[in-house]
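Enquirer: Got a structure here, written out as structure tokens. Questions coming.
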Amino acid sequence: MKSTRRDEASEPLLRVRDLNVRFGPVSAVTQLSFDAWPKEFLGVVGESGSGKSVTAKAILGLLPENAQVSGSATFRGQELIGAPAEVLRRIRGKQIGLVFQDALAALDPVYTIGDQLVEALQAHTEISTKEARTKAADLLAEVGIPSPSKRLDDYPHQLSGGQRQRVIIATALIAEPDLIIADEPTTALDVTVQKQVLDLLAEVSERRGASVILVTHDMGVVAQHCDRVATFYGGLLVESADVYSLFETPQHPYTEALLRSVPKLGETTPFEAIPGSPVQIQGALDRCPFAPRCKHAAPVCTQELPAEYGTAEHRHRCVRVGQGEI
Numbered sequence: 009m010k011s012t013r014r015d016e017a018s019e020p021l022l023r024v025r026d027l028n029v030r031f032g033p034v035s036a037v038t039q040l041s042f043d044a045w046p047k048e049f050l051g052v053v054g055e056s057g058s059g060k061s062v063t064a065k066a067i068l069g070l071l072p073e074n075a076q077v078s079g080s081a082t083f084r085g086q087e088l089i090g091a092p093a094e095v096l097r098r099i100r101g102k103q104i105g106l107v108f109q110d111a112l113a114a115l116d117p118v119y120t121i122g123d124q125l126v127e128a129l130q131a132h133t134e135i136s137t138k139e140a141r142t143k144a145a146d147l148l149a150e151v152g153i154p155s156p157s158k159r160l161d162d163y164p165h166q167l168s169g170g171q172r173q174r175v176i177i178a179t180a181l182i183a184e185p186d187l188i189i190a191d192e193p194t195t196a197l198d199v200t201v202q203k204q205v206l207d208l209l210a211e212v213s214e215r216r217g218a219s220v221i222l223v224t225h226d227m228g229v230v231a232q233h234c235d236r237v238a239t240f241y242g243g244l245l246v247e248s249a250d251v252y253s254l255f256e257t258p259q260h261p262y263t264e265a266l267l268r269s270v271p272k273l274g275e276t277t278p279f280e281a282i283p284g285s286p287v288q289i290q291g292a293l294d295r296c297p298f299a300p301r302c303k304h305a306a307p308v309c310t311q312e313l314p315a316e317y318g319t320a321e322h323r324h325r326c327v328r329v330g331q332g333e334i
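Written as structure tokens, this is what we have:
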């Protein structure tokens, strides 16, 4: 795991404040605030439907037109929420790279890998096709694809799942972005290839000095790669801390439940599944979304939205262990 460079930076690279996202009556994200710092690997964890991917797409203006988005997300001081389409297009890819969940869907099946990389390169830099192909081969080599010059002439279906995901990482690196958002980048891959892809992402981040926001549901991945962790549940950020504090002294019952549900190598104690199912918030979120599944729930948990407690370094939304509002 990398050591964070947060103390060296005076301002976060990405600052999100009071982000809210609704789809009609459904509240997908509520009062979400977090920072991503330069050269930091930030893990965003939670079950499916917790608001992780919606948050990433909201920041980049990639949600459908029926999404109602409010709040603020600034990247190097540039407001992204409500920004004109041309501003967002300029930032996406050039300053913020994207690694998509489904590489096969992200790549055009009727064009070769080389054609797609060359097109992306020429969209961001003024170089000839010959120079772009050379650069494309260099990118494929950087992400560990063998015989990169030959692979430029392959179509996506001719590559394995892991190789396609490496191509997507190469695409995200084209303009040397300061921030890479990786949205469940290993979902469709087997365990061995998952590790290879995540190790590659960490290596590239370290080598290039880029920050990474890794959206995942895998706590093992978080423990191995992340500097800090943000736990989402019901569209709410319920806990945020450095990775050591979160694993050693989790403050929110949902984070505790996530950690208990992970099998541990060498331990005979059975892991505990989280009872119940993830919640979908209808209308405004006005109570703790985890209360129906929480063994510590008290009447107050269903009567109001918990405030943030703790410190700026380790904050959470649980009245049971609250030490005072920030």
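In the working numbering, the protein residues as written are 9 to 334.
Glycine included, every Cβ here is placed at the ideal spot set by N, Cα and C.
It should be emphasised that the depicted structure is a prediction, and the values quoted were computed from it without experimental measurement.
Is the Cβ-Cβ distance between PRO286 and SER58 less than 8 Å?
Expert: Counted from its first residue, the sequence shown places residue 286 at position 278. Counted from its first residue, the sequence shown places residue 58 at position 50. Yes, the Cβ-Cβ distance between PRO286 and SER58 is below 8 Å.
Enquirer: Would you decide whether GLN171 is buried or exposed? Buried here means 16 or more other CB atoms lie within 10 Å of its CB.
Expert: Counted from its first residue, the sequence shown places residue 171 at position 163. The residue is buried, with at least 16 neighbouring Cβ atoms inside 10 Å.
Enquirer: So what's ASP198 in DSSP terms, helix, strand or just coil?
Expert: Along the sequence shown, one-based indexing puts residue 198 at 190. Correct three-state label for ASP198: coil.
Enquirer: Using the rule of at least 16 other Cβ atoms within 10 Å of the residue's Cβ for burial, across every protein chain shown, is HIS165 buried or exposed?
Expert: If you number the sequence shown from 1, residue 165 lands on position 157. That one is exposed.
Enquirer: Going by beta carbon distance, what residues of the same chain come within less than 7 Å of ALA305, once the five residues before and after it are set aside?
Expert: Stepping through the sequence shown from its first residue, residue 305 is reached at position 297. Counting only Cβ-Cβ distances below 7 Å, and skipping sequence neighbours, we find ALA299.
Enquirer: Assuming VAL246 is part of the beta strand (DSSP E), what are its boundary residues?
Expert: The sequence position of residue 246 within the sequence shown is 238, counting from 1. Where VAL246 is concerned, the enclosing beta strand (DSSP E) stretches over 244-250.
Enquirer: Can you tell me whether LEU293 is helix, strand or coil according to DSSP?
Expert: Looking up residue 293 in the sequence shown gives position 285. Residue state, collapsed to three classes: coil.
Enquirer: Using 8 Å as the threshold, is the C-beta distance between ILE189 and LEU106 below it?
Expert: Counting from 1 along the sequence shown, the entry for residue 189 is found at position 181. Counting from 1 along the sequence shown, the entry for residue 106 is found at position 98. Yes, they are a contact pair.
Enquirer: Please confirm whether SER157 and ALA140 have their CB atoms less than 8 Å apart.
Expert: For this step, residue 157 is matched to residue 149 along the sequence shown. For this step, residue 140 is matched to residue 132 along the sequence shown. No, these two residues do not count as a Cβ contact at 8 Å.
Enquirer: Any chance the CB of ASP235 is under 7 Å from a heavy atom of the ligand NAD?
Expert: For the ligand NAD, the structure offers nothing, since it holds no ligand at all.
Enquirer: Could you pull out every unbroken beta strand (DSSP E) segment of at least 3 residues lying fully inside the segment 117-153, listed in chain order?
Expert: Complete beta strand (DSSP E) runs here, min 3: none at all.
Enquirer: Quick check on GLU214: buried or exposed, where buried means 16 or more other Cβ atoms within 10 Å of its Cβ?
Expert: Walking along the sequence shown from the start, residue 214 turns up at place 206. That one is exposed.
Enquirer: Less than 8 Å between the CB atoms is what I'm expecting for SER41 and LEU245, so what's the real figure, rounded?
Expert: Locating residue 41 in the sequence shown gives position 33, where the first residue counts as 1. Locating residue 245 in the sequence shown gives position 237, where the first residue counts as 1. That belief holds up - the Cβ atoms of SER41 and LEU245 are roughly 7 Å apart, short of 8 Å.
Enquirer: Within the continuous alpha helix (DSSP H) that includes ALA265, where are the two ends?
Expert: Walking along the sequence shown from the start, residue 265 turns up at place 257. Start and end: 261-268.
Enquirer: Please report the straight-line C-alpha distance between LEU197 and VAL24, rounded to a whole angstrom.
Expert: Against the sequence shown, residue 197 aligns to sequence position 189. Against the sequence shown, residue 24 aligns to sequence position 16. Rounded to the nearest angstrom, the two C-alpha atoms are 31 Å apart.
Enquirer: Starting from the Cα of THR82, find the closest Cα among LEU96, LEU71 and ARG159 and give me that residue.
Expert: Your numbering for residue 82 matches position 74 in the sequence shown. Closest by alpha carbon: LEU96.
Enquirer: Let me know the secondary structure DSSP gives LEU208 once reduced to three states.
Expert: Stepping through the sequence shown from its first residue, residue 208 is reached at position 200. Helix, per DSSP.
Enquirer: Looking at the structure shown, is HIS225 part of a helix, part of a strand, or coil, going by DSSP?
Expert: Position 217 of the sequence shown, counted from the start, is the residue given in the question as residue 225. Correct three-state label for HIS225: coil.
Enquirer: Give the DSSP bridge partners of LEU40, in chain order.
Expert: Working through the sequence shown from its first residue, we reach residue 40 at position 32. Partner(s): LEU27.
Enquirer: GLY169 and LEU1 - do their beta-carbons sit closer together than 8 Å?
Expert: The structure shown does not extend to residue 1, since the chain is modelled only from 9 to 334, so the question has no answer here.
Enquirer: So the alpha helix (DSSP H) GLN171 belongs to, where does it begin and stop?
Expert: To locate residue 171, count along the sequence shown from 1; it is residue 163. Note, GLN171: alpha helix (DSSP H), 169-180.
Enquirer: In angstroms, rounded to a whole number, what distance separates the CA positions of ILE104 and ASN28?
Expert: For the purposes of this step, residue 104 is identified with residue 96 of the sequence shown, where counting begins at 1. For the purposes of this step, residue 28 is identified with residue 20 of the sequence shown, where counting begins at 1. If I take the Cα positions, the gap works out to 21 Å.
Enquirer: Drop a sphere of 10 angstroms on the beta-carbon of GLN202, count the other beta-carbons inside from all chains shown, and report buried for 16 or more, exposed for fewer.
Expert: One-based indexing of the sequence shown puts residue 202 at position 194. Classification of GLN202: buried, given that the 10 Å Cβ count is 16 or more.
Enquirer: Keeping to the same chain, check which residues put their C-beta closer than 6 Å to that of TYR262; ignore five residues upstream and five downstream.
Expert: To locate residue 262, count along the sequence shown from 1; it is residue 254. Taken in chain order, the residues that qualify are TYR241, VAL246 and PHE298.
Enquirer: Unbroken alpha helix (DSSP H) runs of length 4 or more, entirely within the segment 40-103: which are they?
Expert: Runs of the alpha helix (DSSP H) inside the segment 40-103: 60-67 and 93-99.
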